[in-house]
Each structure stands twice: as structure tokens, then as C-alpha cells.
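So for the sequence shown, my numbering puts the first residue at 343; every next one is plus one. Read the structure below first, then the notes.
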Amino acid sequence: MKLVISEGSPHGIKVLAAAALWAGNVEIQRLQQEEKVVPFLSQPKLPALQLDNGNFLFTTNAICRYLFLSSGKDITDLSNQWLEWEATELQPACIAALHSHVVQGKKKEEAILNIQKCLIHLDQSLGKENHPYIVTDSLSVADVAVWASIYPLFTSLDSLPDNLSSFKSWFKNVSQLEECQKAAESLLKGQGASAFKAFLQKLPTPVLPAEKPACNEEEDAAVKTLSEEDIAAAAEAWSKDLTDAPQARLRQHPILPVDGERNIMITSALPYVNNVPHLGNIIGSVLSADVFARYCRLRNWNTLYVCGTDEYGTATETKAMEEGLTPQQICDKYNAVHTAIYQWFNISFDYFGRTTTQQQTTIAQDIFHRLLQRDFLLTDTVEQLRCEKCQRFLADRFVEGICPFCKYEEARGDQCDKCGKLINAVELKNPQCKVCKETPVIKSSKHLFLDLPKLEERLQKWLDQTFAAGDWTANARYITRSWIRDGLKARCITRDLKWGTPVPLDGFKDKVFYVWFDAPIGYISITANYTDQWEKWWKNPEQVQLYNFMAKDNVPFHSVIFPACLLGAEDNYTLVSHLIATEYLNYEDGKFSKSRGVGVFGDMAKDTGIPADIWRFYLLYVRPEGQDSAFSWGDLMLKNNSELLNNLGNFVNRAGMFVQKFFNGCVPEMELISEDKRLVAQVAAELHQYNQLLEKVRIRDALRCILNISRHGNQYIQVNEPWKCIKGTKEEQKRAGTVTGVAINMSALLAVMLQPYMPTIAGIIQEQLLVPKEVNVLTNDFRCTLPSGHRIGNVSPLFQKLENDQIESLRKRFGGGQEKAVPKVPAPTVAPETSTAGDPQKLKELLQQVEKQGNHVRELKKGKAEKTVIDSEVQKLLSLKKELALAEGKSPEPPTQKGKKKK
């Protein structure tokens, strides 16, 4: 083998180190970057590795991976994931940092800010796993690749950041390896990062593919590119009134697909019934799905959002044993806990059900029979772990031990969370029963298997099609491809349990279906409990787009196993079109732990005194879209006080107060000049970007568009100073009117864009501004929805400041050691098994009554009726809304909102 590198290129460090560590027989050749080595490439590409058979490898990580494998070592999926992260996130950031320091002359401390986010991610990952190296206790190819990208920025170990202790320790360990030292010095030659100056000068100025910043020091890119045509088009859209605006869809239950319309089915991963969800669970599935569902409704798309509790399995049996209840009683108890949590977080399910229903049994058994008839099931004898003390076979997640592949000490009986490898429970080293901590014994039992190899060809064909047409997150694609690449194996679908869907086959009637065969079918059965016309959603792939929301650990079961079952059933089932998976949300510097009292769980958030909308906002702001993120009390306080109180809330309140104070509560006349039209175009560009991002389910990024609009608004008010203009000449007073009118219309738009994220706050803004209901269909147009003469209501602050003492108290309270609280079981407003949208005719009547009474109240307010008359009619409206909420299976009490002053 011959390794060809270029002098002065930072990319040479990793391949030289890898060659020294794992391939001593490699010939090293040094050339100039411009020299062409790989004959079939149109442009020179170095480093390059020429193999003994004449083939070439010419990306650095491919070269490192090959050298590592050639030494007889195995690469885990986790190592591959780190290599992909290094290539797509870390390496571009490091090159940008090097360029700004070496070529542009910026201070190293300033340049390193480019990679700060990457370093924090690396530090948190190292700290969480408590290993000396990234993947395991021994050096891997991932360590060398990541280290080599960072090293040119930290050639002096004294400059390493003290606040990233895990990263600092790891970096020193790798830097002190003789092979790594020699590789780096052979290129740096004592010159430090300046050795790469000639190479870097030939590069175009690197542009990071970073997320849109929450704080715009510079004018936004979308604004920079505004043309005169864009500004003219935005001004024309602004001038339109609401007469031709689309009317909001009247949502009547049951919601069914409609020919010729966009029919969207949304599911969020079914939460396991006896686990109280923590903030990471909530953002990973139900809250993310809720934002998208609310957005789809704003777009007037025909949308159904269903979820429910996953109630079968060993975990329920064990919990029932612990609490002295039957499994069904446990399910009833915790289903009510989940329902109350999601109601408090204002999750807008169209139907929240459960899996312990007759429909679940009927549909699961039907899919099973169809697979059996088509010869997609196998029978085999399985060696299983059985706990003699508990007198039961141990389900996969109720046995832990040491991973046979990476030696992780807390691997589950089905999969290792560290290296990602699938495991048979009997392969674990030193297994323990999680219930009693005894060592289980191996026993044999006959089981049924899904013949995934026989389904692999049709599954691969479907995946190719849906990957091309659908919006799957990068981690979902990667995890799915990893499963397929490793080759599919037959997977057991039965378990030796009592609590589950019974297997309808002689010889197996003492068994139940395994939860990962059974649970995803819950989406279908829950829909069937919502409407007897469920097949219009679930056997209608031509008309229905299916979106699944989940955390990344659930991906294989939704992208491989469940689709394989439905394909094998050959019953025209609707398969997932868009699979949206988050990474993990950590808590401060560690993991959530109910037993240790670490972190905020769903049943505790309400007791913090922080309104649900603030929780929603912050979780969505730090949503782990591309990599793991962390909840931080200090950051929550910062984002509340800066982004909500000082930015968004300040703008909306100022605009409303100017209308009240200077114009007697009526929107003034507006005569737009070029500056105003440019602002209107800026807002329209942000709105267009918001729509594009949410259509791609980039929820966190779209939230930045809202904050950008309010930031533009604050700057606009600050520059134009309407509070001064109103005291000046007639022309200046007219200018104050225009600025105030534009600002109040921006507030009205923000109230609509906020609905998916902060529905309560959005409703308060609309109530304060008396926004007409016609605005609640979102398009790409920013229209003047509050014209001159429109009277607004009473304006009051939207947000309260979070104080440091309050936050420190909460940090201590949830930092571990608090008493383990038994979840409060609310008195359900409806029986759990009938948590339905209600009688369609009754709902229709109530919706019409609420709409009619709401219009009546608005007319009274516009006509300046007596306060006592208005108050009386408002009480009638509130009573109707409570009745409607009960009919929909929701809490009749609105979430409490701090900061709204009583009048």
C-alpha cells in the first residue's frame, strides 16, 4: 500500500497517525496538493491511499477506516456514527476556525468559537460514558479522526479549555501517543498552525452549514438577497384585505381523508404506560408531533394526530406486582397520569387512546394470520434467561449485563445503547435480573419468528422509494441503513408472558406477542377506536401521508420491523412516508433519573410555577435535531428573559401600548414608504422561510424565524421612535401612525406563527388585539390583517422575568435527592377507555355555538358596549368552551398564564 499526502495540508495528520498505529507496512509519499494521483478523478485529491490491487481510497475517513480494519479490528456502528459526525460537523468547523485564525488573522480564542458547539458535544459524550476514549476503553479510529481535526487548533496543550474537563483529559491522552505526536510534527515542523497557511490560502473562505443564529448580529441572509421585485411583491400582498383570504377548515370528528386534499396522519411514539415521561421523552415525540400537527392545521391541511399509551409487556406485570394491583389497574392508573401530563402541556391529540383494547387484539391477530398464511413466520427453539427467584422468563429490557461487543456494563437484553449492536440476552456477560438483581439461568422455549430475510428485498425496494420521496431525518436514514447493511435476521415476535395480546395458534396459546411486534400496531388500533372508518387512513397509501415522530432509539422498529410486517401482510397498509427522529435531550450534565430524583418529569413541571408555554418554548428551542442537546436551568432563565421577555414580549407589548396610548385603541392610518416596504418584505421572507422549514419538519430552526421577526420589529420601532414622532409635526405624527400600524400587524402575524409553539400565548395575543378569525390560515403572504380603524382590546405583558434565586431553587430541587413522589392520579374528566373526540354531531353543534358567541363578544367590544354586558357574554363564551373541551376529552381548565394583569 502507498499513502500519498500533501505537504502543508491538515488532512494529512489523521491518515499518518492511522498508518503509524495500524499499518506499519505503508509506503508514505509526499507531494504538492496540485498533483493528481487518483487517475479517474477530474480534480487533484489528497490524501489518497493506493491499495495493493491498484484501487484507490481518497477521503480521509475512508482511508483511516480501511487501515483500522486491516489490522484485524472491528468497527462498531457507534464508531461509524462518530466518523460521519467528524466529516459533516467537526471537520468543516475546524477548517473554518483555522482559516479565520491563520489566513484572516483573528485571535485563536475568537476562531475557536467556530468549534465551541462541537467541543461541548464531545465533552458531554465523553463525560456521560465515563470512558478514556470516545467509543470504548481502548483507542479507536473515531478517536484518531476527531483528534486530528482538532489538533491544529490546540498544538499547545496549555491552551485547552478548562471548563471542558472530559474533552481536555481525552485530548491529552491521544496527543501523548507517540504515533500521533510524530504524525502531527511531520506536518507542523515546529511552525504550529501557520504550517497550513499556504494550503488554507488556496481555499475559498469556508462557510459553515450552521443553524440560523437566534441572535442576528448581521442582517439575515434572506434579507440580504431581497430584490426590488421581492419588495414590490411583498408590498402588494400587504395591501390585500381579508376578503379573499382562505377560510379555516371546520374540524368535524371523525376526521377522515378527503379526495383531492392533502391528508396527513401524524403519530408520536406510544409512551410506555408505567413510565412517567421526562422532558426528553416529551420533546422527542409528543411535543414535536404536536407542533407539526398544529402547523398542518394552520395550513388548512386535513390532519389527524393520534397517540396513546403502550400497555402490554413485562414492565406492566412487574409494576403491578410492586404496587399490589392487577396489570389492568396499573394501566388505568398510569394512562390517567399520562393524559393529565399531556393536557397540561397542551398537546392537541385528536385522539389519545391505549393498546389494551379489543381492536388491538383483532388487528394484531389479523396481521399475524396474514403473515402466517404467506409463509413469513418461522418456528424455532430459543434459549432464554429465566429468573428462578421471580419465576419468570426475563423480557429483553429486564435483564442487564456487559455487552459482548464493546464491554458496556449496562447493555440491555436486546440492544446495547453504547455501540448500537443487537444482542441476544443470553450473549450478555454477567447478566442480572433488573427486578431482584439475581443471576438468571438459561432455559429453552419454542417461539415464532418474523422471517425478515425473506422480506428484505421488498423492504429495500420500499425504503429506496420512501427515502427518495419522504423527509426522513439524517439519523433515521443512518440507523435504518445500518440495520439493512448488517443483513436482516429472523426476529422473535412472541414472549413467555401473560400480559399481552394472545398468540392465536395452537402450541403457542400460552404466549403473547412481543411488544415490538404488537406496539406499533397500536397506532392502527387506536385509530380504529377513534373511528370505525379507520381503514380510510390505514389502508389508503395513495391518499395519506404518514408522519412518525420518535426518539432515535425507536427508529429500527418503525423503519424496518413494522413496515416489514405490513408489507408481508399484503393488505395495502399505509406505510410511513416521513420518519422524524430526535437525538437525546440530557439533563444539565447527566441523564434524567426518576429513581435518583434527577431532572424534571412531566408530572413535576406544573409544580414549578413556570407556565406550560414557557416549557414548550424552551424544549423546542433546544430540540435535539442534529445531535444530543441538554436542558439547562441557567439557559432556560436566559432564553425566557432575553428571547421571550425582552425580544418577543417587549415588541408585542410596545406595539399594542402605542395603539392604546397614542391612537385611542384604534389602528392608525398607514402610508408605507420604502423603509416600511422593505421591512414588510423582510417579514414576508421570514414567513416564507418558516413555512419551508416546518414543511421539512425542522421545528427548532423555524422557531428562529419568529424571533427574527420580533427582533426586526424592535429595531424598526427603536430607529423610528414613534413616541417622539407623535409629539412632532403633522408629518411626524403620520409617521408615528405608520410605524405603529405596521408593528401591530407584525404582532398579529406573530400570534399566528406562534400557535404551533406557544398556543396559549398566541391566543392571548389574538385576544388582546381582537384579531379576526380569518387570519388563522397561514400562507406565504404577510397581509395587513388589522387595517386602519380596527379597535384592539386591553394590552398587558405576556411574560414574567425568571429570577436567579427562583432558578437556583429549582436547580437544587431537581438535582437529585428529592423524595420519590408517587405520581398524582387526576380524577379523569372522561373514562380512559372513552377518551374520544366525542359525538360528532354534538361537537359540531358546540363548535358552532362557540363561534357564534365569540363573534357576538367581539361585536360588543367593537361597539364599546357596557362592561357588565360584555362580562356577562364572556362568561357564557367560557362556559361553552369548557363544555366543548369536555366533549373533546380535554381539560376544561385553561393553562395558567403568569404575567397577565387583571383589569
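Beta carbons: idealized from backbone N, C-alpha and C, even for Gly. In this text, all values refer to a predicted model and were calculated from it rather than measured experimentally.
Let me make sure I understand the geometry here. Which of the options has the alpha-carbon closest to that of residue i?
i	options	result
Cys834	Val857, Leu1014, Thr916, Ser569	Val857
Arg996	Phe809, Leu908, Ser935, Leu1111	Leu1111
Phe973	Asn616, Phe943, Ala911, Asp394	Phe943
Trp876	Ile705, Leu399, Ala832	Ile705
Ala535	His463, Lys450, Gly602	Lys450
Ala832	Val854, Ile863, Asp793, Ala438	Asp793
Leu1021	Glu1013, Gln1142, Lys1218, Val1084	Val1084
Val618	Leu363, Ala678, Asn1136	Ala678
Gly864	Leu1220, Tyr693, Val1113	Tyr693
Tyr750	Pro773, Arg734, Phe740, Arg728	Pro773
For the beta strand (DSSP E) containing residue i, list its first residue and its last residue.
i	result
Pro773	771–775
Leu888	886–893
Met607	605–610
Phe791	783–792
Lys344	344–348
Phe694	693–696
Phe1246	As shown, the chain starts at 343 and ends at 1245. That puts residue 1246 outside it, with no answer to give.
Gly1055	Taken as a continuous stretch (DSSP letters only), Gly1055 belongs to no beta strand (DSSP E), being part of the alpha helix (DSSP H) at 1041–1062.
Just the Cα atoms here: how many angstroms apart are residue i and residue j?
i	j	result
Phe1005	Leu1120	29 angstroms
Gly941	Val628	18 angstroms
Val368	Asn422	23 angstroms
Leu1096	Tyr960	13 angstroms
Leu1092	Val633	15 angstroms
Lys638	Asn1050	According to the sequence displayed, residue 638 carries Cys and not Lys. Their backbone Cα atoms lie some 22 angstroms apart in a straight line.
Pro1174	Thr723	Caution is warranted here: a pLDDT of 35 is assigned to Pro1174, below 50, making its placement in the model unreliable, and no coordinate value can be reported.
Lys415	Val477	14 angstroms
Val1094	Ala1104	7 angstroms
Leu373	Ile347	6 angstroms
Phe538	Ala429	19 angstroms
Thr950	Arg1153	11 angstroms
Glu742	Ile417	23 angstroms
Ile615	Met663	Sequence check: residue 615 is Val here, not Ile. Approximately 15 angstroms between the Cα atoms of the pair.
Glu1116	Glu1109	14 angstroms
Ser1177	Ala682	Residue confidence is low: Ser1177 scores 36 on pLDDT, short of 50, so the model does not pin down where it sits. No coordinate-derived value is stated.
Arg1133	Arg1200	10 angstroms
Lys566	Asn988	Caution applies to Lys566, whose pLDDT of 49 falls short of 50 and renders its modelled position unreliable; the model cannot decide the point.
Leu986	Ile1041	17 angstroms
Lys1066	Leu425	58 angstroms
Tyr654	Leu1144	41 angstroms
Gln1057	Glu376	49 angstroms
Gly1079	Val1009	8 angstroms
Ala556	Leu1140	Because Ala556 sits at a pLDDT of 34, beneath the cut-off of 50, its placement in the model cannot be relied upon, and the point is left open.
Is the Cβ-Cβ distance between residue i and residue j less than 8 angstroms?
i	j	result
Arg593	Asn642	no
Arg1125	Ala579	yes
Ser581	Ala635	no
Ser1130	Glu1028	no
Ala923	Ala818	yes
Leu542	Asn1118	no
Leu409	Ser351	no
Asn890	Leu927	no
Gln885	Pro599	yes
Leu714	Ile744	no
Asn688	Ala954	yes
Gly842	Asp813	no
Cys775	Leu839	no
Would you please state the rounded distance, in angstroms, between the beta carbons of residue i and residue j? I believe it to be under 8 angstroms.
i	j	result
Thr697	Ser867	7 angstroms
Pro898	Trp825	5 angstroms
Gly910	Phe710	About 10 angstroms separates the two Cβ atoms, so there is no contact after all.
Val777	Cys732	6 angstroms
Ala435	Asn403	That belief does not hold up - the Cβ atoms of Ala435 and Asn403 are roughly 16 angstroms apart, past 8 angstroms.
Glu725	Val768	5 angstroms
Trp489	Phe513	7 angstroms
Which two residues bound the contiguous alpha helix (DSSP H) that contains residue i?
i	result
Cys638	628–640
Val942	No alpha helix (DSSP H) contains Val942, which DSSP labels as neither H nor E.
Gln316	Any answer about residue 316 is impossible in this case: the structure gives the chain only from 343 up to 1245.
Ala1093	1072–1095
Thr658	656–665
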